[in-house]
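Novice:
There are 2 protein chains.
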Amino acid sequence: MTPRQARLAQQRADILHAAAALIAARGFHGMSMRDLAEATGFGVSSLYNYFTSKEELLAELQIRAFETLIAAANDSRNDTPDPATRLYVFIFNQVRYFIDHADVMRVLIHEAAALPAEHRQRVRSLKEAYFRIGRDAVAAVFAQGCGTPDSARGPVDAVALDRATYSIFGMINWVWAWYEPSLHGTPEDVARSIHGLAVCGLVARCPASPSHDQLPQSLAQGQVSLLKHRTGTH
Amino acid sequence: MTPRQARLAQQRADILHAAAALIAARGFHGMSMRDLAEATGFGVSSLYNYFTSKEELLAELQIRAFETLIAAANDSRNDTPDPATRLYVFIFNQVRYFIDHADVMRVLIHEAAALPAEHRQRVRSLKEAYFRIGRDAVAAVFAQGCGTPDSARGPVDAVALDRATYSIFGMINWVWAWYEPSLHGTPEDVARSIHGLAVCGLVARCPASPSHDQLPQSLAQGQVSLLKHRTGTH
DNA sequence: GGGTGGCGAACGAACGTTCGTTCGTCAATC
DNA sequence: GATTGACGAACGAACGTTCGTTCGCCACCC
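See the structure below:
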């Protein structure tokens, strides 16, 4: 990559960062290109040297974010054999990403419908790929059970698995709406609360699942950035 | 109420219905007053006979919705003494409301930040009141425990209670993003999945909590409408 | 009972502003 | 000296809102 290309890529990323903040605060239609120009220091027209339209900018933002999330989830998929712990890692990764990059999170959740039809399908398929990773983690916990001999629970059908997975995503995704570091503990606390609900519920005891004290206290931040720069071939 | 007033109130409600659909689809800034005029059959300027501004329209929409939710939650608060069942009723009421009125739901979740400062505080206090109702229901389940003698779980502090409550709200609120009646079962199924996760988690057994089969199969729809019409003094 | 005046309610047109986008030009870089 | 990239100016369209007017209904007086 020539220095020229590197500079161009960096400035594209800078613009995306600023756009994420503005769209998160005011919505896609609420952010004007003049707002974005002021935030980035560019002139309004210069932005069009980096993105062909406002909508392409939104699409790029969402695509990069999902690719980052998917890559992070895949990287940590095989770290541990225990399903409950693996689910914790999945939850924590996403919670941390969303807390660190709340702007991007809000854009992902709120502005999927604002995409033009052309880019809609691409983002949707990325979202589905990410959902499947989460569902696999949930299914593994389901299948393993808790080690309890009790088998009063009926067989888990696919529809119920989907509902449970979506519900767990709901807990994670909702974090942006309420989390305040000074009020609600560390990201680890949040991930443990969610994981606890997902695995044990509010009150049940989970003899065979790892105690929360045994869960990894911290995970390597890794090298994933807010918006991974896609190099090369995809 | 004179027929005149009744007609005016009805038309205000009609406009709010149409606005909810448009805002849900395109966002507050994405809906133009011309869109709304076309959807309602009014001329653009006639809308200003019913609402003083676009922002007041949004505020009214949110305030009515939260008042409806709070009233429904309060009405059913003392129906049953069992905490777990009471939590189920709370969850089901909200899930059903959101599935029946997905438009309003999206507006509540997405467009809180688009409110002008004047109306912001009113909506926020309604939201907090509603949160407290939910938290009380969660706290009761927490306090009762599951009847298990096992007390390995530490004392439940207020912060953890908040996190758990927010997480449960997250499961409920996220329903709008994925629920499809033909794919994901009935609203009762959804409420039971969420309640099951909240109380028992994915895998734990809950000896003392009611089996899902014993939960009320259906609840009276009640007379709450999409946007309750506030008569009189508040 | 039939005209008539007042008024709520709906409207088209137009306001000034801001929107996303394009274009021609000019300075800086290789 | 050619190419890249930043820019101000300008575009038509659409924005939220206001204005003056009209229309039709209902209460009132002759």
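So the protein lines, in turn, are chains V and Z. Residues are numbered in this note's numbering as their position in the first sequence, beginning at 1, plus a constant of 52. Residues are numbered in this note's numbering as their position in the second sequence, beginning at 1, plus a constant of 52. We put the beta carbon where it would ideally sit given N, CA and C, even for glycine.
Contact between the stretch 160-170 of chain V and the stretch 62-80 of chain V is defined here as three or more beta-carbon pairs at a separation below 8 Å; is this criterion met?
Specialist: These segments touch.
Novice: Is it true that the stretch 115-124 of chain Z meets the stretch 97-107 of chain Z, where meeting means three or more beta-carbon pairs spaced less than 8 Å apart?
Specialist: No, the stretch 115-124 of chain Z is not in contact with the stretch 97-107 of chain Z.
Novice: Residues of the stretch 73-84 of chain Z with a CB closer than 8 Å to any CB of chain V: list them in chain order, please.
Specialist: So the list reads Ala-77, Arg-78, Gly-79, Phe-80, His-81 and Gly-82, given in the order they occur along the chain.
Novice: Tell me which residues share the same chain as V/Ile-224 and place their Cβ nearer than 8 Å to its Cβ, disregarding the 5 neighbours each side in the sequence.
Specialist: Your numbering for residue 224 of chain V matches position 172 in the first sequence. So the list reads Ile-143, Gln-146, Val-147, Phe-150 and Ile-246, once near-sequence residues are dropped.
Novice: Which term fits Z/Arg-56, buried or exposed, when burial requires 16 or more other beta carbons within 10 angstroms of its beta carbon?
Specialist: Working through the second sequence from its first residue, we reach residue 56 of chain Z at position 4. Answer is exposed; the Cβ neighbour count stays below 16.
Novice: Figure out for me which residue from Z/Asp-188, Z/Ala-189 and Z/Glu-180 has the closest Cα to the Cα of V/Ala-229.
Specialist: For the purposes of this step, residue 229 of chain V is taken as the residue at position 177 of the first sequence. Of the listed residues, the one whose Cα sits closest to V/Ala-229 is Z/Glu-180.
Novice: If we count Cβ pairs, one from each stretch, closer than 8 Å, do we get three or more for the stretch 181-192 of chain Z versus the stretch 213-222 of chain Z?
Specialist: Yes: the two stretches touch, three or more of their Cβ pairs being nearer than 8 Å.
Novice: Output yes or no for whether 7 Å exceeds the beta carbon distance between Z/Arg-138 and Z/Ala-189.
Specialist: For this step, residue 138 of chain Z is matched to residue 86 along the second sequence. For this step, residue 189 of chain Z is matched to residue 137 along the second sequence. In contact: Z/Arg-138 and Z/Ala-189 (Cβ atoms closer than 7 Å).
Novice: Of the residues V/Phe-103, V/Arg-86 and V/Tyr-102, which one's Cα is nearest the Cα of V/Val-96?
Specialist: What you label residue 96 of chain V is simply residue 44 of the first sequence in a count that begins at 1. Of V/Phe-103, V/Arg-86 and V/Tyr-102, the residue nearest in Cα terms is V/Arg-86.
Novice: So, using beta-carbon positions, are V/Ala-136 and V/Val-251 closer together than 7 Å?
Specialist: By 1-based counting over the first sequence, the position of residue 136 of chain V is 84. By 1-based counting over the first sequence, the position of residue 251 of chain V is 199. Contact: yes.
Novice: Below 8 Å CB to CB, which residues in the same chain sit around V/Ala-70 once its five sequence neighbours on both sides are set aside?
Specialist: Locating residue 70 of chain V in the first sequence gives position 18, where the first residue counts as 1. Around V/Ala-70: Leu-88, Ala-91 and Thr-92.
Novice: Z/Asp-131 to Z/Gly-222, Cα distance in whole Å?
Specialist: For this step, residue 131 of chain Z is matched to residue 79 along the second sequence. For this step, residue 222 of chain Z is matched to residue 170 along the second sequence. Cα to Cα, the separation comes out at about 24 Å.
Novice: Classify V/Tyr-140 as helix, strand or coil using the three-state DSSP reduction.
Specialist: Taking the first residue of the first sequence as 1, we reach residue 140 of chain V at position 88. Three-state DSSP puts V/Tyr-140 in a helix.
Novice: Consider the Cβ of Z/Leu-213: report whether some Cβ of chain V lies at a distance smaller than 7 Å.
Specialist: One-based indexing of the second sequence puts residue 213 of chain Z at position 161. So no, Z/Leu-213 is outside the interface.
Novice: Roughly how many angstroms separate the alpha carbons of V/Asn-101 and Z/Glu-112, rounded to a whole number?
Specialist: Locating residue 101 of chain V in the first sequence gives position 49, where the first residue counts as 1. Locating residue 112 of chain Z in the second sequence gives position 60, where the first residue counts as 1. If I take the Cα positions, the gap works out to 42 Å.
Novice: Got a sec: is the Cβ-Cβ distance from V/Asp-93 to anything in chain Z below 7 Å?
Specialist: The count along the first sequence starts at 1 and reaches residue 93 of chain V at position 41. The sequence shown places Gly at residue 93 of chain V, not Asp. Not an interface residue.
Novice: Output, in chain order, the set of chain V residues within a Cβ distance shorter than 8 Å of Z/Ser-245.
Specialist: By 1-based counting over the second sequence, the position of residue 245 of chain Z is 193. What Z/Ser-245 touches in chain V: Ala-212, Arg-215, Ala-216 and Ser-219.
Novice: Relative to the C-alpha of V/Ala-192, which residue among V/Ile-115, V/Arg-64, V/His-81 and V/Arg-129 is closest?
Specialist: Here residue 192 of chain V refers to the residue found at position 140 of the first sequence. Cα-wise, what sits closest to V/Ala-192 is V/Arg-129.
Novice: Using a Cβ cut-off of 7 Å (strictly closer), state whether V/Leu-178 contacts chain Z.
Specialist: Within the first sequence, numbered from 1, the residue matching residue 178 of chain V stands at position 126. V/Leu-178 does not count as touching chain Z.
Novice: On the premise that V/Ala-166 lies in contact with Z/Gly-79, defined as a C-beta separation below 8 Å, what is that separation, rounded to the nearest angstrom?
Specialist: Position 27 of the second sequence, counting from 1, holds the residue named residue 79 of chain Z. Position 114 of the first sequence, counting from 1, holds the residue named residue 166 of chain V. So it is a contact: roughly 7 Å between Cβ atoms.
Novice: By how many angstroms is the C-alpha of Z/Leu-68 removed from the C-alpha of Z/Val-156?
Specialist: In the second sequence, residue 156 of chain Z corresponds to position 104, counting from 1. In the second sequence, residue 68 of chain Z corresponds to position 16, counting from 1. Their Cα atoms are separated by approximately 10 Å.
Novice: Have a look at Z/Leu-99 and Z/Arg-172 and give me their C-alpha separation to the nearest angstrom.
Specialist: For the purposes of this step, residue 99 of chain Z is identified with residue 47 of the second sequence, where counting begins at 1. For the purposes of this step, residue 172 of chain Z is identified with residue 120 of the second sequence, where counting begins at 1. Spanning the two alpha carbons is a distance of roughly 22 Å.
Novice: State the DSSP-derived secondary structure class of V/Glu-157, mapped to helix, strand or coil.
Specialist: In the first sequence, the residue the question calls residue 157 of chain V occupies position 105. Going by the sequence as given, residue 157 of chain V is Met instead of Glu. Residue state, collapsed to three classes: helix.
Novice: Got a sec? Which residues, its chain only, sit under 7 Å from V/Pro-233 by beta carbon, not counting five neighbours each side?
Specialist: In the first sequence, residue 233 of chain V corresponds to position 181, counting from 1. Around V/Pro-233: no qualifying Cβ.
Novice: To which residues of the same chain is Z/Glu-240 closer than 6 Å at the C-beta, ignoring the five residues directly before and after it?
Specialist: Start at 1 with the first residue of the second sequence, and residue 240 of chain Z comes out as number 188. Contacts found: none.
Novice: Taking the straight line between their C-alpha atoms, what separation do you get for Z/Gln-114 and Z/Ala-123?
Specialist: Numbered from 1 along the second sequence, position 62 holds the residue referred to as residue 114 of chain Z. Numbered from 1 along the second sequence, position 71 holds the residue referred to as residue 123 of chain Z. Each residue's Cα considered, the two are about 14 Å apart.
Novice: Buried or exposed for V/Arg-158, please, with buried defined as at least 16 other CB atoms from any protein chain shown within 10 angstroms of its CB.
Specialist: Mapped onto the first sequence, residue 158 of chain V falls at position 106. It is buried - the Cβ of V/Arg-158 has at least 16 other Cβ atoms within 10 Å.
Novice: Kindly list, in the order they appear in chain V, the residues whose Cβ is closer than 8 Å to that of Z/His-162.
Specialist: Counted from its first residue, the second sequence places residue 162 of chain Z at position 110. Chain V residues near Z/His-162: Gly-79 and His-162.
Novice: Distance, Cα to Cα, Z/Leu-235 vs V/Leu-213?
Specialist: Taking the second sequence and counting its residues from 1, one reaches residue 235 of chain Z at position 183. Taking the first sequence and counting its residues from 1, one reaches residue 213 of chain V at position 161. Their backbone Cα atoms lie some 12 Å apart in a straight line.
Novice: Which value, in whole angstroms, describes the spacing of the CA atoms of Z/Leu-178 and Z/Arg-187?
Specialist: Position 126 of the second sequence, counted from the start, is the residue given in the question as residue 178 of chain Z. Position 135 of the second sequence, counted from the start, is the residue given in the question as residue 187 of chain Z. Roughly 14 Å separates the two Cα atoms.
Novice: Just how far apart, CA to CA, sit Z/Phe-127 and Z/Asp-152?
Specialist: Your numbering for residue 127 of chain Z matches position 75 in the second sequence. Your numbering for residue 152 of chain Z matches position 100 in the second sequence. Contrary to the premise, residue 127 of chain Z reads as Asp rather than Phe in this sequence. Roughly 19 Å separates the two Cα atoms.
Novice: I'd like to know whether the C-beta atoms of V/His-81 and Z/Gly-82 end up nearer to each other than 7 Å.
Specialist: The residue given as residue 81 of chain V occupies position 29 in the first sequence. The residue given as residue 82 of chain Z occupies position 30 in the second sequence. In this structure, Z/Gly-82 lies closer than 7 Å to V/His-81 by Cβ.
Novice: Name, going along the chain, the residues of the stretch 58-73 of chain V whose beta-carbon falls closer than 8 Å to a beta-carbon of chain Z.
Specialist: Residues passing the 8 Å Cβ filter: none.
Novice: Are any of the Cβ atoms in chain V nearer than 7 Å to that of Z/Leu-110?
Specialist: As a first step, residue 110 of chain Z must be located in the second sequence, where it is residue number 58. Chain V, which has no Cβ nearer than 7 Å to the Cβ of Z/Leu-110, makes this no.
Novice: Do you know offhand how far V/Thr-200's Cα is from V/Gly-253's?
Specialist: Residue 200 of chain V sits at position 148 when you count from the first residue of the first sequence. Residue 253 of chain V sits at position 201 when you count from the first residue of the first sequence. Confidence at V/Thr-200 is low in this model, with a pLDDT of 46, below 50, so the placement of that residue is unreliable and no value is reported for it.
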